[in-house]
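Let me begin by presenting the structure, written as structure tokens, before commenting on it.
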Amino acid sequence: MSSRILITGANGQLGRALVKRYPEAKALDRDQLDITNQEQIENYPWQDIDVIINAAAYTNVDGAETSEGRVSAWRINASGTANLVKAAISNDLVLVHVSTDYVFDGSKENHQEDEPLSPIGVYGQSKAAADIAALIHKKTYIIRTSWVIGDGSNFVRTMLGLADRGIHPVVVADQIGRPTFTEEIASAIDHLLQTKATYGIYNLSNGGPSVSWADFAREIFASAGESEISVTDTTTKEYFASKDNIAPRPMNSTFDLSKIESFGFKPQNWQENLKQYIEVEADK
Ligand SMILES: NC(=O)c1ccc[n+]([C@@H]2O[C@H](COP(=O)([O-])OP(=O)(O)OC[C@H]3O[C@@H](n4cnc5c(N)ncnc54)[C@H](OP(=O)(O)O)[C@@H]3O)[C@@H](O)[C@H]2O)c1
């Protein structure tokens, strides 16, 4: 099975976790397969592939609010995904696509898979368009996830970097959600593929309590043995008051996980996953 998987965006946070999970997969970064290049996608030798896992995306949520970023976000997230959908339909492939909490305005405390799309920023709008395109294909899994932590730039690494420099951060305390470690996303994708679960949308974050970014930061410092670093709460409004081109953020990003659990996948508690992540980071 693994030799017939193609991973796009293989050098991103999720891409790297997928490459570890599927060492035999065709793993292509942007230089090797640009999902916005329609001709390249059309002419790819798809007869060697059964499953496309799309880990490619434009993920700079604030960058997407600039005039250049808006174009890139739509080109990569919406048009790029549509190119993969066409290839999947023409070649009868399974498509695994990754979506985000940013497709919602965050007014609901708990997001179900069938919540109507309500994105409030450009990144979320371009990702919502991708979801609509992906669902045109009957053999699509959409994994909707939040607060991704893997091998790349992410909140945990940022906080550990601050701790190294003895900086006590001010962190927003009014956005609530759950982190998702990339190994967990790779495990969930593998579970859906192996069990041939019903196609459609699946929410997926780690399990455990919903937290604010500020409380997540406190947990990171505690897990890293840096409890002397204090975290000061702020609001999203105050935090971004003096900054330009800031994307509006969903205030509530917690996903209801009962659907994927009913399909036999039990997400690991994020606090456990955080400890494992920090141990690996400490060994680097
Ligand atoms: N990060 C989060 O907190 C978060 C939260 C919820 C959902 N998600 C979703 O989770 C998925 C994975 O995110 P991530 O954190 O792994 O993102 P990431 O680290 O930014 O990785 C995205 C990868 O896509 C590549 N890429 C960009 N444009 C491409 C193109 N035209 N063709 C092929 N590859 C291209 C990037 O390459 P370059 O480096 O060359 O640009 C990068 O390697 C995305 O769908 C994202 O929307 C992320």
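Just so you know, this note's numbering puts 213 at position 197 of the sequence shown, and the rest follows in order with no gaps.
Backbone N, C-alpha and C define an ideal beta-carbon position, used for all residues, glycine too.
Every value quoted in this text rests on a predicted model; they were computed, and no experiment measured them.
- Ligand 1 approaches S162 closely enough that one of its heavy atoms is under 8 Å from the residue's Cβ.
- For D249, the uninterrupted beta strand (DSSP E) run begins and ends at 248-250, by DSSP.
- Secondary structure within the region 134-176: the beta strand (DSSP E) runs of 3 or more consecutive residues, fully enclosed, are 156-161 (chain order).
- For K282, the three-state secondary structure derived from DSSP is coil.
- Residue pairing by DSSP places H207 in no beta bridge whatsoever.
- Rounded to whole angstroms, the gap between the alpha carbons of K300 and I105 is 42 Å.
- Distance from G193 to S269 at the Cβ level is roughly 3 Å; contact confirmed, criterion being Cβ atoms closer than 8 Å.
- When Cβ pairs closer than 8 Å are counted between the two stretches, the region 243-254 is seen not to touch the region 67-77, the count staying below three.
- In the displayed model, T198 falls within a helix according to three-state DSSP.
- Distance between G96 and D147, taken at the CA atoms: about 12 Å.
- Taking a cut-off of 8 Å for Cβ pairs, the region 209-227 and the region 270-287 touch, as three or more such pairs fall below it.
- Rounded to the nearest whole angstrom, the CA to CA distance from K36 to A26 is 10 Å.
- For the 9 Å CB-CB criterion, N93 and E58 do not form a contact.
- Rounded to the nearest angstrom, the Cβ distance from G166 to A41 is 17 Å, too far for a contact under 8 Å.
- In this structure, the straight-line span from the alpha carbon of I262 to that of E288 is close to 32 Å.
- Under the three-state reduction of DSSP output, S243 falls in the coil class, being neither helix nor strand.
- When C-beta atoms of the region 205-212 are compared with those of the region 135-146, fewer than three pairs fall below 8 Å, so the two segments do not count as touching.
- Annotation note: the region 102-130 contains the following uninterrupted beta strand (DSSP E) runs of length 3 or greater, listed N- to C-terminal: 110-116.
- Taking a cut-off of 8 Å on C-beta distances, the region 178-185 does not touch the region 113-130, as fewer than three cross pairs fall below it.
- Here the distance from the Cβ of V114 to the nearest heavy atom of ligand 1 is below 8 Å.
- Taking C-alpha positions only, S278 is separated from G31 by approximately 26 Å.
- When distances are taken from the beta-carbon of G168 to the heavy atoms of ligand 1, the shortest one is below 8 Å.
- For K42, the uninterrupted beta strand (DSSP E) segment begins and ends at 42-44.
- DSSP lists T250 as the bridge partner or partners of V188.
- For A233, same chain residues with a beta-carbon under 6 Å away, outside a window of 5 residues either side, are M175, V187, V247 in chain order.
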